[in-house]
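Q: Sequential numbering from 395 applies to the sequence shown in the working numbering.
From the three backbone atoms N, C-alpha and C, an ideal C-beta is built for every residue, glycine too.
One structure, as structure tokens, below. Some questions next.
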Amino acid sequence: MKILITAAQFSSHISGLQRHALNMVRCLLTQPDISSVHLVLAPWQRELAEAAGLHTTSRVTLHIADMAPTPLSRNLWHYRRLPQLAAEIQPDIVHLSYPVPVAASAISCPIVLTLHDLYPYEIPENFGFPKVLFNRLILRQCLHAVDAIASVSDTTALRMKQYLPRTAQKKSLRIYNCVEPDPVCAEYSPLPDWHGEPFLLTVSQHRKNKNIPLLIRAFHRLLRGSLVPSRMKLVVIGITGPETPHIHQLISELQLKPNIVFLQGLSEPALQWCYRHCEALAAPSETEGFGLPVAEALLAGCRVLCSDIPAFREIDADHCRFVALGPGAEQRFAQAILATLQEPPPLLLSLPQFSSQALGTQYINLYRELLPSAAHIRTARTPSPNGSRYLVQRKDERDYL
């Protein structure tokens, strides 16, 4: 079975979406029925595949998409150029690692989408206006066009009932993100000028749903009350985003600059170092589709405190300290940090439901269900009179675009 995976994303730094795509490749490689995986990356992502070691794997072929680092260029590539690449490769399945505009009738095999979340509806502040309207349009068009939707959690699958039509829900099943213990840990600290200071860790993009300001205010409350060592740090790992200016303004107002460290683009070994050396991982998110850092921290033997939201409880309801959001959350998080720091380090957990072997089997079972209808599923591309190719769209696809 030959699989084409699209993973071209906006950032050259590793993010949850990119890690999902790379981990999905690893899941598929556990299956003997997979003859080859073709992975599409943006030009600025080439080093990510090399760091993951995929460029030397015989069953993996990397394709660098000819696109510019703009949303318009990425969207046009997926809509116009992806069908051409699929025609050249002739995969059995095209798997989109996140929602993109897709000309489904121009692709002659089944299309699967990984759905991570419904942020355009749940938390439009992540995108701003009017950008959120375009994100909603792309999400709906993609969900309508694909043949199957792999939701990364039951939480995300259930939210589809709230925001999406029944036709999308009927195509959905849950296949978790892959999370496994990483045996490789960096030898040296990735924290600049680190001299053994204790630190709290949060792995969060600078977006509204991550709720980083709440954690900063709770951390400030502890420092102000001399409840934690004055040299303690809060390490924030994640790519910058719409909330970055607000976060830095808050740090300046609270005079916390010496105590806050920002990092992004860490390698997997460097990230493991942070999990293994931090005092605790804090995840104060308002909403999540999955919660990859919580699972990774638990597997690394890290203390974890997090907001009491369904996605985090779905990962593990027994080994995290959950904190309710809403009025008084700042004080509750501060108290939870103190209580967590007094606990002994937890034992290493096993989370077999997130293993590459288990998830690889689920992917292959999904693909097998789709393959019998492949011969009738799409209209092929039609050559134009001047020799170029154009996409034959169904009317319902044009309506969405």
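Under the assumption that F593 contacts M626 (Cβ atoms under 8 Å), give the Cβ distance between them as a whole number of angstroms.
A: F593 to M626, Cβ: 6 Å. Contact.
Q: How long is the line joining the alpha carbons of S598 and I517, rounded to whole angstroms?
A: Distance between the alpha carbons of S598 and I517: 16 Å.
Q: Give the secondary structure of G410 by DSSP, where H, G and I count as helix, E and B as strand, and everything else as coil.
A: DSSP places G410 in helix when its eight states are reduced to three.
Q: Between which two residues does the beta strand (DSSP E) carrying K627 extend?
A: Note, K627: beta strand (DSSP E), K627 to I631.
Q: Along the chain, where does the alpha helix (DSSP H) that runs through I399 open and close?
A: I399 -> not in any alpha helix (DSSP H); beta strand (DSSP E) instead, spanning K396 to T400.
Q: Using 10 angstroms around the beta-carbon of R762, count the other beta-carbons present and answer buried if the total reaches 16, otherwise exposed.
A: Under this definition R762 is an exposed residue.
Q: For the alpha helix (DSSP H) containing A676, list its first residue and its last residue.
A: Here A676 belongs to no alpha helix (DSSP H); instead the beta strand (DSSP E) covers A674 to A677.
Q: Please classify G410: is it buried, with 16 or more other beta-carbons within 10 angstroms of its beta-carbon, or exposed?
A: By the 10 Å Cβ count, G410 comes out buried.
Q: By the DSSP assignment, the alpha helix (DSSP H) with T596 in it spans what residues?
A: Premise fails: T596 lies in the beta strand (DSSP E), F593 to V597, not in any alpha helix (DSSP H).
Q: Skipping 5 residues on each side, what residues in its chain have a beta carbon closer than 8 Å to that of T638?
A: Closer than 8 Å at the Cβ level, and outside the excluded window around T638, lie H600.
Q: Which residues does DSSP pair with T455 in a beta bridge?
A: Looking at the DSSP assignment, T455 forms a beta bridge with H432.
Q: Between which two residues does the alpha helix (DSSP H) holding T550 run?
A: Taken as a continuous stretch (DSSP letters only), the alpha helix (DSSP H) holding T550 covers D548 to Y557.
Q: Mapping the DSSP letters down to three states, classify A562 as helix, strand or coil.
A: A562: helix per DSSP, three-state reduction.
Q: Within the same chain, show all residues whose beta-carbon is closer than 8 Å to that of T745, passing over the 5 residues directly before and after it, in chain order.
A: The sequence shown places Leu at residue 745, rather than the Thr named in the question. Excluding residues within five positions, the ones whose Cβ falls inside 8 Å are V573, A689, L692, L693, I709 and D710.
Q: Which whole runs of the beta strand (DSSP E) in the segment 703 to 778 are 3 residues long or more, in chain order?
A: List check, beta strand (DSSP E) in window: 715 to 717.
Q: Identify the residues that DSSP records as bridge partners of A689: which are they?
A: Answer is none; A689 lacks a bridge partner.
Q: Distance check for R618 and I483, CA to CA, integer angstroms please.
A: If I take the Cα positions, the gap works out to 60 Å.
Q: Identify whether V419 lies in helix, strand or coil by the three-state DSSP scheme.
A: Correct three-state label for V419: helix.
Q: How is K789 classed by DSSP in three states: helix, strand or coil?
A: Interpretation of K789 is limited by its pLDDT of 37, a score under 50 that renders its predicted location unreliable; no figure is taken from the coordinates.
Q: Based on Cα-Cα distance, which residue from S750, A723, P607 and A544 lies nearest to H575?
A: Per the sequence presented here, residue 575 reads as Pro, with His not at that position. Out of S750, A723, P607 and A544, S750 has the C-alpha closest to the C-alpha of P575.
Q: In angstroms with no decimal places, state the Cα-to-Cα distance between I458 and T450.
A: Taking the straight line joining both Cα atoms gives about 16 Å.
Q: Does the segment 633 to 649 come into contact with the segment 669 to 687, if we say contact requires no fewer than three beta-carbon pairs (one atom in each stretch) closer than 8 Å?
A: The segment 633 to 649 vs the segment 669 to 687: no contact.
Q: Is it buried or exposed for S620, if we count other Cβ within 10 angstroms and need 16 for buried?
A: Classification for S620: exposed.
Q: Please return the same chain residues whose Cβ sits closer than 8 Å to the Cβ of L442, not counting the five positions on each side in sequence.
A: Excluding positions up to five away in sequence, the list reads S406, I408, Q412, L416 and L435.
Q: Cutting at 6 Å between CB atoms, please list the residues of its own chain near L595, excluding the five before and the five after it.
A: Only V629, C668, C672 and L675 meet the Cβ criterion.
Q: I'd like the span of the alpha helix (DSSP H) that includes C700, first residue to last.
A: Unbroken run through C700 is the beta strand (DSSP E), V698 to S701; no alpha helix (DSSP H).
Q: Can you tell me the Cα-Cα spacing of V454 and Q756, whole angstroms?
A: In a straight line, the C-alpha of V454 is about 20 Å away from that of Q756.
Q: Roughly how many angstroms separate the alpha carbons of G720 and D712, rounded to a whole number?
A: Those two C-alpha atoms are separated by around 22 Å.
Q: Who does S491 pair with in a DSSP beta bridge?
A: Paired residues: none, contrary to the question.
Q: Using three-state DSSP, classify R475 as helix, strand or coil.
A: In the structure shown, R475 sits in a helix (DSSP, three-state: H, G or I).
Q: Would you check if the distance between the CB atom of I543 and the CB atom of A562 is smaller than 8 Å?
A: Yes, the pair counts as a contact, with Cβ atoms nearer than the cut-off.
Q: Using 8 Å as the threshold, is the C-beta distance between D541 and P504 below it?
A: Taking 8 Å as the Cβ cut-off, D541 and P504 qualify as a contacting pair.
Q: What is the rounded straight-line gap between the Cα of E724 and the Cα of K602?
A: Going from the Cα of E724 to the Cα of K602 covers about 16 Å.
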